[in-house]
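Structure first, then comments.
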Amino acid sequence: MASETIVDPDFKVPAPERVGEEGKTWSHVIQNLVFTVDHKKLGLMYIGSGLLFFVVAGIMATLIRVQLFFPRSTFLDPDVFNRFFTMHGTAMVFLVGMPMIFGFANYLIPIMIGTRDMAYPRLNAFGFWVFFFSGLLLYFSYFGAPGLYNAGSAPDVGWFAYSPLTAKAFSRGHSTDYWTLSILLGGIGSLATSINILVTTFCLRCKGMTLGRMPLFVWLFVVVAFLVIIALPPLSACQIMLTLDRYLGAKFFDTQAGGDAVLWQHFFWIFGHPEVYILILPGFAIANEIIPVFSRKPIFGYPIMVAATVMIAFISLGVWAHHMFTVGMTSLGNTFFAISTMVIAVPTGIKIFNWLGTMWGGKLHFELPMIFCLAFLFQFLIAGLTGVMLSVVPFDWQLSDSYFVVAHFHYVLIGALLYTLFAGIYYWYPKAFGRMPNRKLGLWHFWLFTIGFHLTFFPQHISGFLGMPRRIFTYEAGRGWEIWNQLSTIGVIIQIPGILFFVFNLIYSYFKGEEAGDDPWDAWTLEWATTSPPPEYNFEKTPEVRSRRPLWDLKHPDDPDWKFE
Amino acid sequence: MSSAELTNTDSDWKLPSQRKVGMICLIITESALFTIFVVAYVWYMGKSLNGPFPKEVLHVPWLASIALFGSSFTVTIAEKFLHKGNRALFHVWWLLTIALGAYFVYFTGAEWYHLIYKENLTISTNVFGSTFYALVGLHASHVIIGLILLSIVVISSFRGKLDPGHSEHVEMIAWYWHFVDAIWVVVLTLVYFISVNY
Ligand code: HEM
Ligand SMILES: [Cu+2]
């Protein structure tokens with residue numbers, strides 16, 4: 001038996017020379033990026049530009065927090081403040097969250113399913129560039145909206161762009177048009193990429209990679225891509241209608257002419273709620289890869305994890321109006337959306353228990369990716385609890401549009417999504433660059449960022465309880481809000497060096513990191529079977545798999561998984 | 001690297017066709033898009049504050065609808081002849097499909113001309129105008145895209161560039177065309193049969 005190889009070992013090929021090491025000039029590098037259709041380069045470009053936009057949107061958030069440090073502060077004008085929170089939210093969702101998850105999907109899915117590229121490589125490049133230009137278009141509004149002479153205008157209608165704030169009468173100039181077109185463009189890119197992901201996973205799996213043997217990471221992305229192609233068109237429809245309203249005088253959201261402002265909210269949240277699951281499921285996907293490897297145990301309850309994911313996606317399409325409890329729906333409507341929201345907690349809870357089950361009795365290795373995943377588990381739990389609280393209608397009436405909601409969704413978006421993205425970047429860094437990320441720098445990043453994060457957002461639960469509304473540019477003294485705002489702002493100041501350690505680590509380790517080898521974490525999915533970094537074509541010969549852990553089978557020929565499946 | 005190298009040639013490992021999965025995904029996406037416009041139309045039925053109202057200006061487009069539905073049959077027949085290798089009849093039926101589709105687009109143009117210049121119904125007149133032009137226009141734009149695709153097929157066939165290996169391309173374009181047709185069933189029923197009662 002020992003001689004039988006499960007994964008053909010000679011699909012590995014020597015690593016190609018690194019760019020730059022053969023004396024290539026910058027113009028070569030840029031041309032290489034502009035014309036590439038390679039899924040790995042595009043994946044890194046997605047992640048790189050996501051990080052870039054993250055820094056820009058993060059600076060805006062910092063300025064917002066500085067403004068709120070003192071009551072009656074005049075650091076920012078109210079107009080500037082509105083633009084900042086609009087651009088912050090829009091950018092974080094559409095220019096950071098979306099591209100980062102697509103970056104991971106692009107880089108990893110083809111290698112994980114043992115193929116050489118995405119199904120439509122050129123469509124893939126198209127998707128990236130469309131996204132990238134949509135980002136530039138959004139920020140260009142600072143220059144373009146009322147013309148350069150009047151610089152400083154940008155969308156100021158919130159990331160949800162509620163009507164009638166966006167009507168011509170209330171939003172003069174073109175800043176809202178930049179917002180609309182940017183979102184429409186980004187949506188097209190996301191749809192193209194999601195269709196590409198679906199076709200790739202259904203049609204290009206290597207021999208033996210049945211649906212039941214795909215890594216959970218790939219499974220979750222299949223579900224995410226389905227959610228995107230169902231939930232994103234409503235958003236595009238919203239943008240088309242809004243553009244018709246603003247340019248051709250259509251009446252979709254014009255209450256003067258019998259139009260309905262609440263219709264926008266329905267359409268927006270029909271997209272908007274599934275969107276939060278589009279963002280968080282990839283976070284789960286990353287945790288699904290990292291937690292088992294660093295617990296030295298296969299994932300607990302693979303089929304249940306898949307079922308729970310499908311359930312979450314399905315239910316998430318029917319809960320959108322929990323964002324609208326305060327607009328005055330019928331009590332039947334309120335009840336329906338409250339209960340359907342609470343039901344989502346069930347499959348989500350199942351997932352948490354399965355992760356705990358995976359770690360239970362395992363040999364835990366506290367490497368960087370694992371620590372970030374552990375923090376994710378804890379923080380997502382808090383986010384889920386405040387989420388269930390908000391789904392109780394009277395509670396939501398009390399706290400809607402208060403800082404409590406801000407705290408809730410930042411625990412999801414940062415505490416869960418961003419933490420898993422950090423974990424994923426540290427985990428796959430050695431694969432992409434052939435060098436280990438520096439552990440010491442990573443620990444500094446972890447502790448500074450974690451302390452800063454909780455200091456920023458935990459007090460917001462309290463200021464929310466004390467009645468502080470969100471989206472106000474300043475507040476009066478003596479309401480008991482100062483101390484919580486000041487803690488929050490200090491928290492942001494602590495997060496900043498955390499991010500600097502992270503960025504520095506990425507650059508430093510690229511040049512000075514320890515050589516990683518092909519499989520530094522002793523993992524078991526296919527991407528670790530090829531060289532680090534993988535060659536352009538990933539595998540010399542397309543591999544063949546016989547179980548969920550092909551690399552385990554290869555490393556333990558006397559005890560392969562497929563014997564027990 | 002050719003795409004042939006990428007596909008697994010082993011016979012006991014079958015995966016679905018890329019084109020079919022891709023087209024199914026595209027159709028799901030498009031259906032989601034249309035759904036929102038349909039919901040907007042239904043939501044605003046009878047809510048216009050001023051005229052003209054649907055019952056005053058809309059006439060059931062019998063001929064255009066028959067043309068469009070008929071084109072789903074002609075495209076299927078054309079495909080049959082392509083499979084049999086009968087190029088001449090394939091061209092005849094395929095061109096007929098294009099002609100029927102083109103008639104439909106012509107009809108929409110004429111209808112809009114009439115509505116705008118004779119009935120004073122524009123996209124900014126009332127919520128009926130907004131939702132009507134948006135929904136019907138979205139559908140018409142899909143018909144036009146379909147016509148372009150159909151034309152590409154027949155032009156490449158005339159230039160001898162359509163070989164039997166492309167039959168799945170052709171089939172996918174036919175799928176798309178059937179989808180556009182199916183959407184018209186919904187639009188026709190909703191706009192011309194149901195909403196005229198409001
Ligand atoms: C999983 C990722 C999640 C993300 C990214 C997320 C994000 C958000 C965001 C951005 C808002 C603010 C909407 C606004 O501006 O009005 C929000 C509100 C809300 N979330 Fe979540 N959420 C997530 C999970 C959950 C869960 C698990 C629940 C409940 C079980 C939940 C329940 C709610 C409710 C009820 C509101 C409405 C609050 C209000 O409008 O006052 N969320 N969420
Ligand atoms: Cu929601």
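Going down the list, the protein sequences come from chains R and A.
Using UniProt numbering, you'd call the opening residue of the first sequence number 1 and step up by one each time.
Using UniProt numbering, you'd call the opening residue of the second sequence number 1 and step up by one each time.
Every residue, glycine too, gets a C-beta built ideally from N, C-alpha and C.
Neighbours of ALA119/R in chain A, taken as residues whose beta carbon is under 7 Å from its own, are GLN18 in chain order. With a cutoff of 8 Å on beta-carbon distance, SER175/R and SER141/R are scored as near each other. Judged by beta-carbon spacing, ILE315/R lies within the 8 Å limit of VAL343/R, meaning their Cβ atoms are closer than that value. The shortest CA-to-CA distance from PRO121/R to any of LEU136/R, PRO78/R, PHE35/R is the one to PHE35/R. In summary, VAL199/R is buried, with 16 or more beta-carbon neighbours lying within 10 Å of its beta-carbon over all protein chains present. Ligand 2 has a heavy atom closer than 7 Å to the beta-carbon of HIS273/R.
For VAL186/A, the enclosing alpha helix (DSSP H) covers residues 167-187.
A distance below 7 Å between beta-carbons, with the five flanking residues on each side excluded, links TYR403/R to the following residues of its chain, in chain order: GLN460, SER463, GLY464, MET468, ARG470. Take the alpha-carbon of VAL136/A and the one of TRP112/A: they are about 10 Å apart.
When CB distances to chain A are screened at a threshold of 8 Å, not a single residue of the stretch 33-58 of chain R falls below it. Taking 7 Å as the cut-off, the C-beta of HIS323/R counts as close to a heavy atom of ligand 2. With the rule of 3 Cβ pairs closer than 8 Å, the stretch 434-445 of chain R does not count as touching the stretch 30-45 of chain R. Close partners of ILE152/A in chain R (Cβ separation under 7 Å) are lacking, with about 18 Å as the shortest Cβ gap.
Below the 8 Å Cβ cutoff, chain R contributes no neighbours of ALA110/A, its closest Cβ being approximately 21 Å away. The alpha-carbon of CYS373/R is positioned some 25 Å away from that of VAL56/R. In the three-state reduction of the DSSP assignment, GLU119/A falls in the coil class.
ALA375/R is classed as buried because its beta carbon has at least 16 other beta carbons within 10 Å across all chains shown.
Between VAL199/R and chain A, the shortest Cβ-Cβ separation is below 8 Å. Going by beta carbons, LEU136/R and GLY187/R fall outside the 8 Å limit. Here DSSP, grouped into helix, strand and coil, assigns SER402/R to strand. Residue pairing by DSSP places LYS207/R opposite GLU544/R in a beta bridge. Cβ neighbours of PRO71/R within its own chain (closer than 7 Å, five residues either side excluded): THR474, TYR475, GLU476, ALA477, GLU482. Listed by position along chain A, the residues whose Cβ is nearer than 8 Å to that of GLY258/R are TYR44, LYS47, SER48, LEU49, ASN126, VAL127.
In the displayed model, ARG213/R falls within a helix according to three-state DSSP. Bridge pairing for GLU289/R: absent [DSSP].
Taking a contact as a CB-CB distance under 8 Å, the pair ILE28/A and PRO234/R does not count as one, their CB atoms being some 13 Å apart. For TRP26/R, the uninterrupted alpha helix (DSSP H) run begins and ends at 26-35, by DSSP. As computed with DSSP, GLU515/R is found in a beta bridge with ARG435/R. If you look at MET92/R, you'll find it isn't in any alpha helix (DSSP H); DSSP assigns it neither H nor E. For GLY22/A, the chain R residues whose Cβ falls inside 7 Å of its Cβ are ILE195, VAL199, in order along the chain. With a 10 Å radius around the Cβ and a threshold of 16 neighbouring Cβ atoms, HIS59/A comes out exposed.
Contact residues of the stretch 31-43 of chain A toward chain R are SER31, ALA32, LEU33, PHE34, THR35, ILE36, PHE37, VAL39, ALA40, TRP43 (C-beta to C-beta distance below 9 Å). By the neighbour-count criterion, in which a residue is buried when 16 or more other Cβ atoms sit within 10 angstroms of its Cβ, LEU211/R is exposed. Taking 8 Å as the cut-off, the Cβ atoms of PHE284/R and LYS351/R count as close.
Comparing alpha carbon positions, the residue from PHE102/R, PRO534/R, LEU317/R, HIS410/R closest to ASN196/R is PHE102/R. Within the stretch 452-509 of chain R, no complete beta strand (DSSP E) segment of 3 residues or longer occurs.
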